[in-house]
Amino acid sequence: MHSSKHTKHFIYPRRDAWFLLPGFLGFALWYLVPFGMSLAASVMENSANAQFAGLENYAAVMQSSYFRLGFGNTLRFFAVAVALSLVIGFLLANMIFWHSRRRISWLTLVLLIPIFLPTAAIVPLWKVMMGGSSWLVRTLKPRDADWKYITLLTLYLWKNIGAVNLLFLIGLQGIEPSVFDAASVDGASHRTIAIRIALPMLCTVTLFAIIYLAMNGMRIFRESYLLYGMYPPKPLYFIQNYVNNHFTKLDYGLLSAGSSLFALVMTGLFLCIWLFLQRKEDA
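To convert, note that position 142 of the sequence shown is 155 in our numbering; the numbers rise steadily by one, no gaps.
Printed below as a string of structure tokens:
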């Protein structure tokens with residue numbers, strides 16, 4: 014009986030792994046294979062002969078002031094937008110968790126509405142609300158470039174805070190109530206419980222939220238393009254602008270090299286964040 018029990022324990026994961034095969038094949042076909050083709054194009058000359066160029070494209074990209082500008086602006090926007098989304102989403106989740114009698118409140122559902130709205134329908138409304146002739150601009154009279162940055166950042170937060178709030182709320186509901194009860198008996202406030210107890214236990218949720226926010230951050234180019242066109246203000250010139258400009262010029266070598274460098278840096282950042290959160294969770 015003992016051996017059969019262990020045999021059952023090992024057989025089920027192997028059998029269930031076959032159900033992952035279609036998803037893995039789709040991921041390989043639509044992501045890994047195109048990325049491999051992009052890596053191959055990044056070391057080839059952009060000519061009809063397609064001769065091997067080594068690292069010349071990478072050197073040209075690194076020397077490009079436009080690439081450095083787009084790369085730096087993208088990372089800065091990610092840092093600000095992701096950090097604000099995490100903080101606001103976590104605060105809202107705790108507010109709903111501690112003060113709402115329902116597991117999913119009406120506020121959670123309202124915050125999720127922007128996710129389902131198409132970008133083409135949102136941008137015209139955003140132009141009316143925060144455009145150059147809006148009441149806010151006439152009242153505050155901000156600098157043009159700064160206001161456009163705030164406009165895009167606000168749009169990003171509005172679209173993504175609802176999902177982050179839901180992730181943290183589900184994570185909080187997954188923690189044993191006895192943990193919170195014991196902390197409350199010891200005299201801990203809701204703020205102390207949230208920061209000192211709940212947050213370290215939500216490292217996996219935090220990592221997933223960061224990945225989700227970064228993926229949506231790459232899509233912010235759609236909103237930026239619809240708001241400000243091909244040539245946005247200097248603080249909003251992102252890596253997607255650089256890639257798109259070279260795509261229109263059919264310069265696939267530099268395009269692929271720039272994309273590969275950005276993907277490499279983002280992968281390294283995710284690994285560092287994952288290792289940091291793993292250590293916090295183990296501690």
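Quick reminder that beta carbons are idealized off the backbone N, C-alpha and C, glycines included.
Only a predicted model underlies this, so the values are computations on that prediction, with no experimental measurement involved.
(message) So if DSSP puts methionine 279 in a beta bridge, which residue, or which two residues, is it bridged to?
(response) Note: methionine 279 sits in no beta bridge, so no partner.
(request) Per DSSP, which residues does phenylalanine 65 bridge with? Please list them. (result) Met57
(message) Which of the three DSSP states is assigned to leucine 263 in this structure?
(response) coil
(request) Decide if threonine 121 is buried, meaning its Cβ has at least 16 other Cβ atoms within 10 Å, or exposed. (result) buried
(message) Can you look up serine 147 in the DSSP assignment and give me helix, strand or coil?
(response) coil
(request) Specify, as a first and last residue, the run of the alpha helix (DSSP H) that phenylalanine 193 falls within. (result) 190-198
(message) If I measure Cβ to Cβ from tyrosine 255 and keep anything under 7 Å in the same chain, skipping five residues before and after, which residues do I get?
(response) Tyr79, Phe80, Gly83, Gly271
(message) Given this structure, state the Cα-to-Cα distance separating phenylalanine 193 from phenylalanine 129, to the nearest angstrom.
(response) 34 Å
(message) Going by beta-carbon coordinates alone, are isoleucine 233 and tyrosine 169 separated by less than 8 Å?
(response) yes
(message) Using only the alpha-carbon positions, how far apart do serine 17 and arginine 28 sit?
(response) With a pLDDT of 44 at serine 17, under the threshold of 50, the predicted position of this residue should be treated as unreliable, and no value is reported.
(request) Return helix, strand or coil for leucine 130, following the three-state DSSP convention. (result) coil
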